[in-house]
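Those protein sequences? They're chains A and B, same order as listed. Heads up: the first sequence is residues 1 to 224, going by our numbering. Heads up: the second sequence is residues 1 to 224, going by our numbering. Report on one structure; see the data block that follows.
Number of protein chains: 2
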Amino acid sequence: MRLVIARCSVAYRGKLAAHLPSAQRLILVKADGSISIHSDDRAYKPLNWMNPPCSITESTDDEGLPHWLVRGKGGDELEITIEELVSDTAHDLGVEPGLQKDGVEAHLQALLAERCEVIGAGFQLVRREYPTDIGPVDLLCRDTEGIAVAVEVKRRGEIDGVEQLTRYLGFLNKDPRLAPVRGVFVAEQIKPQAKVLAADRGISCVEVDYDELRGIESSELRLF
Amino acid sequence: MRLVIARCSVAYRGKLAAHLPSAQRLILVKADGSISIHSDDRAYKPLNWMNPPCSITESTDDEGLPHWLVRGKGGDELEITIEELVSDTAHDLGVEPGLQKDGVEAHLQALLAERCEVIGAGFQLVRREYPTDIGPVDLLCRDTEGIAVAVEVKRRGEIDGVEQLTRYLGFLNKDPRLAPVRGVFVAEQIKPQAKVLAADRGISCVEVDYDELRGIESSELRLF
DNA sequence: TAGTTTATTTCGCCC
DNA sequence: GGGCGAAGTAAACTA
């Protein structure tokens, strides 16, 4: 990993055109071949960058200033003119063992599969990831009257999720062994516009609390 | 901007839980109060981070190792245990003049709003970002016969955009002052599948050239 | 390898 | 400040 602190100007020409006037910035060159240019704000997002694979050509211009030309795929170009070099260091960091994550949508779906009465009183799970021609439905349940219920689980409920569930319902209702199938949209938070669309499509909405669900799971575990 | 190279372990507890085993990494502390932890790969994305505003508390643990506790909003916590400090430097970068972008959807939409006859001969703009219960339509126009036309603008025309326009048309057609409303899908490039779906929905497709549109704008400017 | 879906998405705009 | 759509989205997963 190479860290360059320098006063520089940058031009990007690729999927869009962007330009950075002269200022002091951090230029970060990683071992994976990527390059990113950071200012002292915007949190972790760089101002400009190039993803690997890309080639970096360092040269010196007419006035003796370092000049980098970075070429990425698709003809993308990043042009860096260094006007004043403050610092240029490199470190060999070695291998990255990797990040462990817990608590994403997959986990929420697993919790709901085990406690599907949270979605509706008396619901019984038929199966997780119930297959259809256009992809698997998160959960397929049956309610107290034996009616099939397709459940779409999201961490954040937005309009796309309602569309997705609508498509599944269209296909599931073609199966005479299942029809009529009703839909439930489950998420930690459901946006107002998604609720409007769901109502318009006859889909019910349920908001669940992740910590509470996990709490139920924990209490259950304590019983054994 | 502070740059720390160190062997460290990291734990994040917040929107999810995540853990990083011991390895050498770059810890980037920016003037905006953000912190991010980078490995030598994954391009510009850090392994862990905390967005501003957050507070960093540096202490020393039982074994004399530096220990950082970062608290963000919503009770999020980032815990960094430094096991070996390789380098710790700081630079004052000064103000960032900012990034100029050109060629994104907003610009395309603005150009089309001014020249909506490009979408259809004789089209007149009613308004940009015309509001509906499920979100704003990019452009609402009227054609030569006074029929309302909902226009969805994308940089890349894919199936999602056709779905989006279909939803808008459904809601707009409920308004007796507008109905019947027809739809036009405009993009620099429209994928074949999106064209098929649009045709199936009675939506017309128009492909426009960004440079040409900008060219028209430039020539207009030259006249004055 | 290509399409699909998620993301601690982040970011910007408008209300 | 909340809601919504776009992003040079990127990254992970699956068929």
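For each residue, glycine too, the CB sits at the ideal point set by N, CA and C.
Beta-bridge partners of B:M50 (DSSP): B:I35. For A:E63, no beta strand (DSSP E) encloses it, and the DSSP letter there is neither H nor E.
When Cβ-Cβ separations below 9 angstroms define contact, B:A106 makes no contact with chain A. In chain order, R156, G157, E207 place their CB closer than 8 angstroms to the CB of B:Q189, counting only its own chain and leaving out the 5 sequence neighbours on each side.
Contact between the segment 179 to 189 of chain A and the segment 108 to 123 of chain A is present: three or more C-beta pairs spanning the two stretches fall below 8 angstroms.
Using a Cβ-Cβ distance cut-off of 8 angstroms, the segment 82 to 102 of chain A and the segment 165 to 185 of chain A are not in contact, since fewer than three pairs of beta carbons, one from each stretch, lie closer than that value. The beta carbon of A:L111 sits no closer than 9 angstroms to any beta carbon of chain B. For the pair A:L139 and B:L20, the CB atoms are not nearer than the 9 angstroms cut-off. In this structure, the alpha-carbon of A:S36 lies about 38 angstroms from that of A:D209.
Not one beta carbon of chain A lies nearer than 9 angstroms to the beta carbon of B:N173.
In the structure shown, the three-state DSSP call for A:P136 is strand.
Sorting A:A17, A:N51, A:H38 by C-alpha distance to the C-alpha of A:C8 places A:H38 at the top. B:K101 and A:L16 do touch by the CB rule: their CB atoms are close to 6 angstroms apart, below 8 angstroms. For A:E96, the number of other beta carbons within 10 angstroms of its own is at least 16, and it is reported as buried. If you draw a straight line from the Cα of B:L3 to the Cα of B:R13, it is about 23 angstroms long. Nearest C-alpha to B:T144 among B:P176, B:V126, B:E58, B:W49: B:V126.
Chain B places no beta carbon closer than 9 angstroms to that of A:Y168, leaving this residue out of the contacts. Residue state for B:E163 is assigned as helix, using DSSP reduced to three classes.
For B:A31, the nearest beta carbon of chain A is closer than 9 angstroms to its own beta carbon. Interface annotation, B:S55: not in contact with chain A, CB-CB separation never under 9 angstroms.
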